[in-house]
Amino acid sequence: MNKMNKIKVFLERDEKTIEISLKNINNIEDLLKHLNINPVTVVVTKNNEVSTEQEKITSKDNIKIISVV
Amino acid sequence: MSIVYIDQSKKKYNKSQFIRYFESKALRTIRKYNMFEKGDKILIALSGGKDSVATAHIFNNILSKRGEKLHALLIDEGIPGYRDKTIKDAKKFCKDENIELTIVSTKKEFKFGLTDALKKLNDNPCNICGAMRRYLLNKYARKLKATKVATGHNLDDEAQTVLMNQYKGNPKLSAKLGPITGVVEHKKFIKRIKPLYFITEKEVTIYTTLKGFQVDFSECPNARDSFRSTVRDQLNDLENKFPGTKNGIINSFLQQLPKLRQTKLSKIINCKSCSEPSTKPTCSMCLILEKYKSKA
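Protein chains in written order, with the working numbering: chain A, 17 to 85; chain B, 379 to 674.
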């Protein structure tokens, strides 16, 4: 898999970073669906800015997923 | 400016709009339910988590404009690896916001912490912890001459509790809920107020993130497999599929609350062991203490 097609995602609750292929993932909503995460239960930041599910993402972005629970 | 939040009616908010929306919502709740009246001295029940930090910040904004200092009380139940982190955050937050912080340790007060209690007592950790915290909150609120205690309970917390009481077949217990609790007057019982009553857990998380508060977003290790966490997951699934479910639960509950309070208002008496206010002859905390000592 080409490194350029992957995105790094930091899971705050687990304190770990995972790499996700961006195939079929265009925005945060797609990413959460891929990770099987209910969007009601998290806040997502893109490059340290709070973002909505419609926010587009690329391999250059730093994503952090914060559990609201 | 980028969009940080889209509400149920699809209205979009940027950072400054969301902060204004959040703070206005909390202030409207405070006004609507007369949570802060002339002569009131508010004490914040602070854990160092996102909800109590947001509540403290809202009240500190009000008081600092009047040149008054806010007081906060933190109960250290002795949960290693969890509470020590939130205490560190709470101390930093209070220093930054110029809030007077009092920390009360259950180990000093009762000679044991939650972890010690769990080793001896075969009981639900949330029950023991809740009894400890409520007991000390009320006792120290009086010592600190507070007239009301503000907690960080949000819409999710309340909707979960309403459902839990239904599932347990004891909806009358919900008479104790609502934006202001402690509706039964007793000179030793300090009323509790919930300024975040109509604000969701997600909105609180967005707010504290946007404000840059240093808060630990982890969950209490004892609560992960609790009845509450099961109800919470169920409610979040419903909210995802049917947006507005949580609001619906709270709105219908508030319509029923006046009737519930007519039928169920247990008289508050003094505990025969410690004289603290209780609805039973011996309060929950004294029952735990008796049980703990009997296992010594």
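Even for Gly, the Cβ is constructed at its ideal location relative to N, Cα and C. Since the model is a prediction, treat every value here as computed from it, not as a measurement.
When secondary structure is reduced to three states using DSSP, Thr61(A) falls in the strand class.
Annotation for Ser604(B): Cys504 place their beta carbon closer than 6 Å to its own, counting only its chain and skipping 5 residues before and after. Here Thr586(B) is buried. Its C-beta has 16 or more other C-beta atoms within 10 Å. Judged by DSSP in its simplified three-state form, Lys39(A) adopts coil rather than helix or strand. Fewer than three pairs of CB atoms, one per stretch, sit closer than 8 Å, so the region 606 to 624 of chain B makes no contact with the region 428 to 435 of chain B. Excluding its 5 nearest sequence neighbours in each direction, Glu401(B) has C-beta neighbours in its own chain below 8 Å: Ile436, Asn439, listed in chain order.
For Lys658(B), there are no neighbours in chain A by C-beta distance under 8 Å, as the nearest C-beta there is about 32 Å away.
Contact between Ala524(B) and Leu421(B) holds: their C-beta atoms lie close to 4 Å from each other, under 8 Å.
With a cutoff of 8 Å on beta-carbon distance, Leu452(B) and Ile481(B) are scored as near each other. In this structure, the straight-line span from the alpha carbon of Ile73(A) to that of Glu45(A) is close to 10 Å. Chain-order list of chain A residues neighbouring Arg610(B): Val85, by C-beta distance under 8 Å. DSSP, reduced to helix, strand and coil, places His531(B) outside both helices and strands of the structure shown, so it counts as coil. Under DSSP, Asn648(B) shares a beta bridge with Pro655(B). Considering only beta carbons, the part of the region 49 to 61 of chain A lying closer than 9 Å to chain B consists of Asn54, Pro55, Val56, Thr57, Val58, Val59, Thr61, in chain order. If you ignore the 5 residues before and after Val540(B), its C-beta comes within less than 7 Å of the C-beta of Ser552, Leu555, Ile627, Phe631, all in its own chain and listed in chain order. For Lys470(B), the enclosing alpha helix (DSSP H) stretches over residues 461 to 475. Looking at the DSSP output, Leu492(B) sits in no beta bridge, so it has no partner there.
Counting only residues of its own chain and dropping the five nearest sequence neighbours on each side, Ser387(B) has no CB closer than 6 Å to any other CB. Judged by DSSP secondary structure, Glu478(B) falls outside any alpha helix (DSSP H) and instead within the beta strand (DSSP E) spanning 478 to 483.
Assignment of Ser430(B) by DSSP, reduced to helix, strand and coil, places it in the helix class.
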